[in-house]
Amino acid sequence: MSLRPLAESDLPLVRCWRNAPEVRRWMFTRHEIGEAEHRAWFERIHADPQVRWLIHENPAGQADGVIGFTQIDRVSNKAFWGFYAAPASPRGTGTRIGQEALDCAFVEMGLHKLNAEVIAGNEASVKFHLKLGFRQEGYFRAEHFDGTQYVDVVRFAILAEEWQVKRGEILAGLARAEIV
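Below you can see the structure in the form of structure tokens.
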């Protein structure tokens, strides 16, 4: 696996990715993040035992994505996740990050269920989650206020045993596409 904990030295790069218009437009907080706000976020997540943020590195050892596990519940062994790849990453980077994130969630972290929330209209993310084996579990109308309007949110989830079935198909697809 090419995952490592998010470090303070990663903050400038992660903030740059996060503020890219193609990433920011689908975030739950859509405003541009300043340095002070980003640093405060980093300090909060490092103090919170219910979150885990990771950097994904490509085979050359270069950071190419960030993954967040939040609302980690050790009683029910479930969490929420989100991620984004570096803008202009090669095709297949998101699938590789997703595969390694799900392996981390279900093997390393021992989770039973992983949830995701997607802003309705983000068809690329909807297709991505379905491709990884997530199932839609809910559609929440006017669930989130984005600063200008209420937006609908789609909830997805995947169970550990479902990932075990889907994992081989994802790995085979990555191998066919020669994505390492």
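Following our numbering, the numbering of the sequence shown begins with 162 at its first residue and continues without gaps.
Ideal placement from N, C-alpha and C gives every residue a C-beta, glycine not left out.
Reduced DSSP category for residue i - H, G, I as helix; E, B as strand; rest coil
i    : result
W187 : coil
G299 : strand
R316 : strand
A277 : strand
E339 : coil
L291 : helix
L332 : helix
L263 : helix
R257 : helix
S250 : coil
V326 : helix
V236 : coil
Per-residue burial, residue i [other beta carbons within 10 Å of its own, 16 or more giving buried]
i    : result
E269 : exposed
H217 : buried
D225 : buried
E284 : exposed
F306 : exposed
V236 : exposed
V315 : buried
R252 : exposed
A221 : exposed
F189 : exposed
R213 : buried
A246 : buried
Per DSSP, the bridge partner or partners of residue i
i    : result
W242 : F230
L164 : H217
F306 : Y311
Does the stretch 165-172 come close enough to the stretch 280-296 that 3 or more CB-CB pairs lie under 8 Å?
-> The answer is no - the stretch 165-172 does not touch the stretch 280-296, with fewer than three Cβ pairs under 8 Å.
Quick one: complete beta strand (DSSP E) runs, 3+ long, within the stretch 169-229?
-> Taking only runs of at least 3 residues, the beta strand (DSSP E) segments lying wholly in the stretch 169-229 are 213-218.
Check whether the stretch 297-309 touches the stretch 196-209, counting contact only when three or more Cβ pairs, one atom from each stretch, lie closer than 8 Å.
-> Taking 8 Å as the limit for Cβ pairs, the verdict is that the stretch 196-209 does not touch the stretch 297-309.
Is it a yes or a no for the stretch 304-313 touching the stretch 250-262, going by three-plus beta-carbon pairs under 8 Å?
-> Contact fails: fewer than three Cβ-Cβ distances are below 8 Å.
Given 8 Å as the limit, is there contact between the stretch 234-243 and the stretch 271-281, that is, 3 or more CB pairs closer than that?
-> In short, these stretches touch, since the Cβ pair count reaches three.
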